[in-house]
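Enquirer: Throughout the sequence shown, residue numbering follows the numbering used here, covering 9 to 118 in sequence. Each residue gets a CB set at the ideal place from its N, CA and C atoms; glycine is no exception. Take a look at this one; I'll ask things after.
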Amino acid sequence: MPETSILSRALCASGADVGYVDELCLAEILEILDRYGRRERFGVVLLDPPFPVDDNEVLVEACDATSRTLTVQPVMKAALDGLDCVTTRWRLDCDVPKPACVRVKRPAIP
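Shown next, in the form of structure tokens:
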């Protein structure tokens, strides 16, 4: 990790430079991903959806490979019962990682 100046550390500690704090955090995450050989598998997303997602909902992503379009929409968790889903994003702001977004393998959501 790069050396930091006294001013940069002070801004970081005061919360005045959130972008710099994010960069430090992401650098450490990269080190961990490298340690496990998972840099090609995982990334990081900002947990700031433009609309609220209720506790009984989860975001579901659908990809149209032909038009190269990714669509994400909230869906009631109960609607996913019995469907083969893969978690694509996890929330880490709780006691244990929990799905924030899934992709339905098949069949597709009606």
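(1) Just to confirm, are Glu65 and Leu78 a CB contact at a threshold of 9 Å?
(2) Please go through the same chain and pick out, in chain order, the residues whose beta-carbon is closer than 8 Å to the beta-carbon of Leu55, but skip the five residues on each side of it.
(3) Please report the distance separating the alpha-carbon of Leu41 from that of Glu48.
(4) What residue range does the beta strand (DSSP E) around Cys102 cover?
(5) Quick check: Gln81 and Leu67, are their CB atoms within less than 9 Å of each other?
(6) What is the residue span of the beta strand (DSSP E) that Ala70 lies within?
(7) Spatial neighbours of Lys85 within its chain, please: C-beta separation below 8 Å, excluding the five flanking residues on both sides.
(8) Got a sec, what are the start and stop residues for the beta strand (DSSP E) Val202 sits in?
(9) DSSP state of Val94, grouped into three classes?
(10) Report yes if the C-beta distance between Leu88 and Val112 is below 9 Å; otherwise report no.
Expert: Reading it off the structure:
(1) Judged by beta-carbon spacing, Leu78 lies beyond the 9 Å limit of Glu65, meaning their Cβ atoms are not closer than that value.
(2) Arg99, Asp101, Ala108
(3) 9 Å
(4) First-last for Cys102: undefined, no H or E at that position.
(5) yes
(6) 65-72
(7) Around Lys85: Asn64, Glu65, Val66.
(8) The structure shown does not extend to residue 202, since the chain spans only 9 to 118, so no value can be given for it.
(9) strand
(10) yes
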